[in-house]
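*Asks:* Take a look at the following structure, please.
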Amino acid sequence: MYQEKVPTVIIIGAGPGGLTLYHSLIKNKDKKEFNVKIFERESGPKDRWQGYHVGFTSHGFRSLMNCIPSSVALNLPKAIPNPVPDVEHHGVSANDHEGNLLLRPPFKQFKNIYEIAETPDRFLSMTVAYRDRLRDVLLENVPVQWGKKLVRYVETNEGVWVNFEDGSQEFCDILVDASGVNSPVRKQKLPELQINDIGATYVVANIVVPKHLMDRLTKTSGNSLVQKTLGLNGDATLIAFRLISIEQEQNYENKNNSDELHYRTTIAYFYSSELDNDETEKIKVDDNNPASVVEHVKNMIRKLRPENEMTDILLELWDLAPKAVPKESENYPFKTYNPIQRRQIRDINPLTINSWTSSRVTLIGDAAHAMSPLLGLGTTHAIQDAEALSQALLNYSPENYISCIKEYENKMLKRAPVDVLKSRDATINHITPVGYFGLIIRNSVLKTTNFLMKVRDLVMNII
Ligand SMILES: Cc1cc2nc3c(=O)[nH]c(=O)nc-3n(C[C@H](O)[C@H](O)[C@H](O)COP(=O)(O)OP(=O)(O)OC[C@H]3O[C@@H](n4cnc5c(N)ncnc54)[C@H](O)[C@@H]3O)c2cc1C
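Numbering-wise, our numbering puts 410 at position 342 of the sequence shown, and it's gapless, one number per residue.
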């Protein structure tokens, strides 16, 4: 009897998108078997810094649960701890420059993270994950081939040749690129699809916040795990944390001489890139010197924000940003230190090109549609892509592979560009100076939206 050859899928990139796709293809192997290989340019799992906190919406979390096996799902609380009841609010808030609440969408709270996947579509739910640990959890049982950087590919009628920097080659039936915003595959397949600089700059740091300062922050601007404070003169901040002290975490050795608790926190400062062109600015920023970048952020905060408790808290938070690789003896719970630099916000809108030709080579995640980090939706979309592609590939046959890829790409192109533009617009709005009357209008619009969202939520709960 003729037995069909098991097709090979090559995944490039072991980020959240690539790893989730690997799990999903293996999980579905009873329905459709693939020989799946995954290649990563980093030399090993500890090669480099692995990120800050990432936001997860209920859609992304549901897709993740659909894709991963139960052994990986059981480990998820290591990366996304269960909520601390009555202490944490799993949601986002927008506050004004004094910390007054403007908008807090009615995110559904949950008792344990697995409930997020059960949130009905008509409600919103979100949580905050530790990105470095999420990567570790997703790496379980995945035979990543490390130190393999794709440089180019050659597509033929029979399949795809993949060429790596070390001179080696692999052949596959389907090539999935999950290699992030600078994807070499996108540059080759869709050279006209450009990365767009949206004219915003941000500086981000992981810090360790002592309890007394965390208490002041939550007293001033609430306990939402993701908080934005909107300035008046073209700046905005983003603060993301979990209210689980690092001293309570397993394997954590307290190197402080005090009993005070501390919290892992990510702080980010967004502003219009034009503000860096100010010739009258005395302090020159050196992106190779984190101390000068932190000083720059503090100067901007002092210049653009009025004096008040919220401004003082922001300045104190930035004082905690490490200016150099922390020493062994310091109380720094993050695995690796990422130098603090100014970064330009760039995104990719896949709908800016006239046509997207489906072939044996496709893209998922940031490679296809990188977005501004302000709304924290990048990971959610990468994981939704992985689910959509693995579902579409269930119908794979040598004759209809193009229609499977097309099915996935149509879904992705319908979903992701909306959030690329939403994230871009939100970023541009947040870094546009409002002026006195603009402030009144902006705050009124946000408060009205807040009220309407609450009413909608109330109605949804009743019906
Ligand atoms: C190191 C890092 C830290 C991040 N930190 C945060 C964060 O703190 N908060 C947040 O909201 N978002 C963060 N992001 C972005 C966020 O994780 C992504 O938006 C989202 O997860 C999309 O995932 P992805 O799998 O599409 O791509 P990515 O997460 O970018 O993963 C791409 C992977 O492909 C590998 N790769 C790249 N080029 C090649 C090549 N030529 N050959 C082989 N492998 C290649 C990369 O090393 C990387 O591991 C971070 C991304 C990275 C890479």
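No residue lacks a Cβ here, since even glycine has one placed at the ideal position from N, Cα and C.
Predicted, not measured: the structure shown is a model, and the values here were computed from it.
(1) Excluding the 5 residues preceding and the 5 following L431 in the sequence, name in chain order all residues of the same chain whose CB lies nearer than 7 Å to its CB.
(2) May I ask you to list the residues that DSSP assigns as paired with P145?
(3) From which residue to which residue does the beta strand (DSSP E) around R332 run?
(4) Taking the Cβ atom as the reference point for each residue, do N163 and S247 lie within a distance shorter than 8 Å?
(5) Need the endpoints of the alpha helix (DSSP H) that N511 sits in, please.
(6) Quick check on DSSP: helix, strand or coil for R254?
(7) According to DSSP, simplified to helix, strand and coil, what is G267?
(8) Check whether the Cβ atoms of L261 and I416 lie closer than 8 Å to each other.
(9) Distance, Cα to Cα, H280 vs D327?
(10) Can you have a look at E317 and say buried or exposed, based on whether 16 or more other CB atoms are within 10 angstroms of its CB?
(11) So which of V277, M439, V271, G433 has the shortest CA-CA distance to N357?
(12) Taking the beta strand (DSSP E) that S292 belongs to, which residues open and close that run?
(13) Would you list, in sequence order, the uninterrupted beta strand (DSSP E) runs of no fewer than 3 residues that lie entirely inside the segment 407-460?
(14) Just checking my contact of Y331 with V294 at CB under 8 Å: how many whole Å lie between their CB atoms?
(15) By how many angstroms is the C-alpha of G446 removed from the C-alpha of L89?
(16) What does S161 pair with, by DSSP beta-bridge criteria?
(17) Which value, in whole angstroms, describes the spacing of the CA atoms of F102 and T76?
(18) Taking 8 Å as the threshold, find out whether the segment 176-189 comes into contact with the segment 146-166 through three or more Cβ pairs.
(19) If you reduce the DSSP assignment to three classes, tell me which class T305 lands in.
(20) Would you say T447 touches ligand 1, meaning its beta carbon is less than 7 Å from a heavy atom?
(21) Round the Cβ separation of I408 and A268 to the nearest angstrom and send it over; I've been treating them as touching at under 8 Å.
(22) Figure out for me which residue from I79, Q452, H121 has the closest Cα to the Cα of P211.
(23) Return the chain-ordered list of same chain residues with a C-beta closer than 8 Å to the C-beta of Y221, the five sequence neighbours on each side being excluded.
*Replies:* This is what the structure gives:
(1) If we look at L431 and ignore the five residues flanking it on each side, its Cβ neighbours are D245, S251, V253, R254.
(2) None, per the DSSP bridge assignment.
(3) Counting along the chain, the beta strand (DSSP E) containing R332 begins and ends at 330-340.
(4) When the beta-carbon positions are compared, N163 and S247 stay at least 8 Å from each other.
(5) Its alpha helix (DSSP H) spans residues 503-530.
(6) The answer is helix: DSSP assigns R254 an H, G or I state.
(7) DSSP, reduced to helix, strand and coil, places G267 within a strand of the structure shown.
(8) Yes, Cβ-Cβ distance for L261 and I416 is below 8 Å.
(9) Distance between H280 and D327, taken at the CA atoms: about 12 Å.
(10) Label assigned to E317: exposed.
(11) The residue among V277, M439, V271, G433 with its C-alpha nearest the C-alpha of N357 is V271.
(12) Taken as a continuous stretch (DSSP letters only), the beta strand (DSSP E) holding S292 covers 292-298.
(13) Runs found: 410-415, 429-431.
(14) Actually they do not touch by this definition, with Cβ atoms about 14 Å apart.
(15) Roughly 15 Å between the two C-alpha positions.
(16) For S161, DSSP records a beta bridge to Q295.
(17) Cα to Cα, F102 sits roughly 6 Å from T76.
(18) When C-beta atoms of the segment 176-189 are compared with those of the segment 146-166, three or more pairs fall below 8 Å, so the two segments count as touching.
(19) Of the three classes helix, strand and coil, the one that applies to T305 here is strand, per DSSP.
(20) A heavy atom of ligand 1 is found nearer than 7 Å to the CB of T447.
(21) Actually they do not touch by this definition, with Cβ atoms about 17 Å apart.
(22) The shortest Cα separation from P211 among I79, Q452, H121 belongs to I79.
(23) V228, W229, V230, N231, L243, V253, Q256, V429, listed in sequence order.
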